[in-house]
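The next block holds one structure in the form of structure tokens; read it before the comments.
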Amino acid sequence: MAAKDEDHAARPGEIGIAASQLRPGVYVRLPVPWLEHQFMFSAFVIADQDQVRQIAALGLKTLYCDPARCRVPPLPKPAEAPPPDPASEAENARLAELRAAQMAEKLARTEAMNVLRGRLDRAQKHYAGAAKAVGAAFKTFDANPEESVRQVSEVSRLSTAALLADPDSAIVLIAEKAQTDGHAAHSLSVMTLALLLGKQARLPDDALHALGIAALLHDIGKATINPSILRNPSRNKHEEALYQTHCRLGHDSAKRAGRLTPPMLDAILHHHERLDGKGFPDGLAGKDIAVAARIVAIANRFDNLANPADPRRAVSPAEALAILWSKERSAFDPVLLQLFIRAMGVYPPGSIVLLSDGRVGAVVASAGTDTPLAPQVMVYAPEIPRRQAIIVDLAKEARLAIDRSLRLQDRPDDELDYLLPRRKLNWFHTEGQG
7 MAAKDEDHAA RPGEIGIAAS QLRPGVYVRL PVPWLEHQFM FSAFVIADQD QVRQIAALGL
67 KTLYCDPARC RVPPLPKPAE APPPDPASEA ENARLAELRA AQMAEKLART EAMNVLRGRL
127 DRAQKHYAGA AKAVGAAFKT FDANPEESVR QVSEVSRLST AALLADPDSA IVLIAEKAQT
187 DGHAAHSLSV MTLALLLGKQ ARLPDDALHA LGIAALLHDI GKATINPSIL RNPSRNKHEE
247 ALYQTHCRLG HDSAKRAGRL TPPMLDAILH HHERLDGKGF PDGLAGKDIA VAARIVAIAN
307 RFDNLANPAD PRRAVSPAEA LAILWSKERS AFDPVLLQLF IRAMGVYPPG SIVLLSDGRV
367 GAVVASAGTD TPLAPQVMVY APEIPRRQAI IVDLAKEARL AIDRSLRLQD RPDDELDYLL
427 PRRKLNWFHT EGQG
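Just so it is clear: in the sequence shown, position 424 is 430 by the numbering used here, and no numbers are missing.
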């Protein structure tokens, strides 16, 4: 009842107007629940005269307008009540038929949203279980490495299956993460991204499974390094030398577990090598770096850009892709980097974007190859409960497009709580990842 009362009350900045004052360009809010009208949003800028007629046909005594959001002001209020609209029976029938079709489309869109939410819920459930298992495996790795590797192997197997079944939700779960241990969070992120790239590179299932294990364990060597060194982005030469030992420490620790294959161990050892030979620990270059290590290197660097130890330096997923391609391309396998960008899309799932109508949304599913700029977006609409949040397929909405990607740090908390309710600051906020 409270929600309906709020619908029927003017909000800050709004004025009450009548349907007779509407015209294209006026920003109007319909004071009825979302499922009781045929429009995508309850508040919007009127696009054309046909929408004016459709709103008038709803028979609402009072509408609300925010003059600051209007492109043109409402028409003056008539001195007297306007006479009944002498619309013809044919026009009334047309409006009724149009409303019925739009309501059916809206219900179908609602059902599609429910299906997508179900997929996201399953992804989140998988992530929560994986985070718990990986966190436990890391804590007991030195004491019981064989059992820890078994746990990590099972997470990789289940995650590979989840990614193959639903790649979009597997990426969204990085943004829609549960609260978990920082090391495990970064490792899960790198695993998911590496598996996505491995799938795009058409690796066979057994190779994907091995890649997932290597990605989960790529930073296992950091356990013995002082956290203050890991967190420091301006390490001196001595600290940097200590930091770089985590690759070989991790390789040796994983090798003692006795269950990892040479390619897995190689990826752990060489995930900081660069294609131009300027990486560590061995300064390998080009094809001397194994494919698995090249894949983990891209996934690791992307996650570190999107979620650095200092959250003030974080960039959006779209910006991270641009940096990899425009500024750091010489460090990575060019073919794999192109495949990674193609797999992530121009606006990767989890990106916060500004839409052409001024609304803000979160990308929840990647765009098709024929419409790379038109992903599916969950729209921030605080008047609608998040469980019923509007998800728009931009490929099917001619009037709506993405204007640009936004930085999470610049968005208000209530907006992010709605769009990414389990985020901290962005994809993953961890200590000492790299």
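Backbone N, C-alpha and C define an ideal beta-carbon position, used for all residues, glycine too.
query: Measuring CB to CB, does leucine 426 end up less than 9 Å from alanine 368?
result: yes
query: For the segment 62-99, which segments carrying the beta strand (DSSP E) assignment without a break, of at least 3 residues, lie completely within its bounds, in sequence order?
result: 69-71
- request: Determine the direct distance from the alpha carbon of valine 383 to that of leucine 36, and round the result to whole angstroms.
  value: 23 Å
message: To test your reading of the DSSP string, which unbroken alpha helix (DSSP H) runs of 4 or more residues are found completely within the segment 321-378?
response: 323-332 and 340-350
- prompt: Can we say the segment 263-283 touches the segment 142-161, given the rule of at least three CB pairs closer than 8 Å?
  reply: yes
- prompt: Nearest-angstrom Cα distance between leucine 28 and arginine 123?
  reply: 36 Å
field: serine 357 classed as buried or exposed, judged by whether at least 16 other C-beta atoms fall within 10 angstroms
entry: buried
field: Which residues DSSP lists as bridging aspartate 416, in chain order
entry: Paired residues: none, contrary to the question.
query: When you compare each of Ala200, Leu290, Ala25 and Leu327 to proline 354 by their alpha carbons, which one comes out closest?
result: Leu327
task: Assign glutamate 182 to one of two classes, buried (16 or more other C-beta atoms within 10 Å of its C-beta) or exposed (fewer than that).
output: Unreliable placement is indicated for glutamate 182, whose pLDDT of 46 sits below 50; the coordinate value is still reported in the next sentence. Buried.
Backbone CA spacing between alanine 380 and arginine 348 [nearest angstrom]: 14 Å
field: Residues bridged to glutamine 382 [DSSP beta-bridge criterion]
entry: Ala371 and Asp399
- prompt: Is histidine 224 closer than 9 Å to serine 159 when the C-beta atoms are compared?
  reply: no
- request: Tell me whether the beta-carbon of methionine 119 lies closer than 9 Å to the beta-carbon of glutamine 394.
  value: yes
task: Kindly indicate which three-state DSSP category glutamate 20 falls into: helix, strand or coil?
output: coil
- prompt: How about the segment 189-208 and the segment 238-248: do they share at least three Cβ pairs that are nearer than 8 Å?
  reply: no
Option in Arg208, Gly364, Pro418 and Ala401 with minimal Cα separation from alanine 74: Gly364
task: List the endpoints of the continuous alpha helix (DSSP H) containing arginine 254.
output: 243-263
message: Going by DSSP in three states, glutamine 185 sits in which element: helix, strand or coil?
response: In this predicted model, glutamine 185 has a pLDDT of only 40, less than 50, meaning its place in the structure is not dependable enough to derive any value.
query: alanine 62: which of Ala102, Pro39 and Arg77 sits nearest, CA to CA?
result: Ala102
query: What are the boundary residues of the beta strand (DSSP E) that alanine 305 is part of?
result: Element bounds for alanine 305: not the beta strand (DSSP E) but the alpha helix (DSSP H), 297-312.
query: How many Å lie between glycine 227 and alanine 260 at the Cα?
result: 9 Å
message: Quick check on the burial criterion: 16 or more other C-beta atoms within 10 angstroms. Buried or exposed for glycine 289?
response: exposed
message: Buried or exposed, going by whether 16 or more other CB atoms sit within 10 Å of the CB of serine 332?
response: exposed
- prompt: Using a C-beta cutoff of 9 Å, does alanine 299 count as contacting chain B?
  reply: This model lacks chain B altogether; it includes just one protein chain.
field: Unbroken alpha helix (DSSP H) run spanning leucine 213, endpoints
entry: One point to set straight first is that residue 213 is alanine, not leucine, in the sequence displayed. Start and end: 211-222.
- prompt: CA-CA distance, aspartate 423 and threonine 116?
  reply: 21 Å
Same chain, Cβ closer than 7 Å to aspartate 316, five either side skipped, listed in chain order: Pro239
query: So, glutamate 279 versus alanine 298, is the Cβ gap smaller than 9 Å?
result: no
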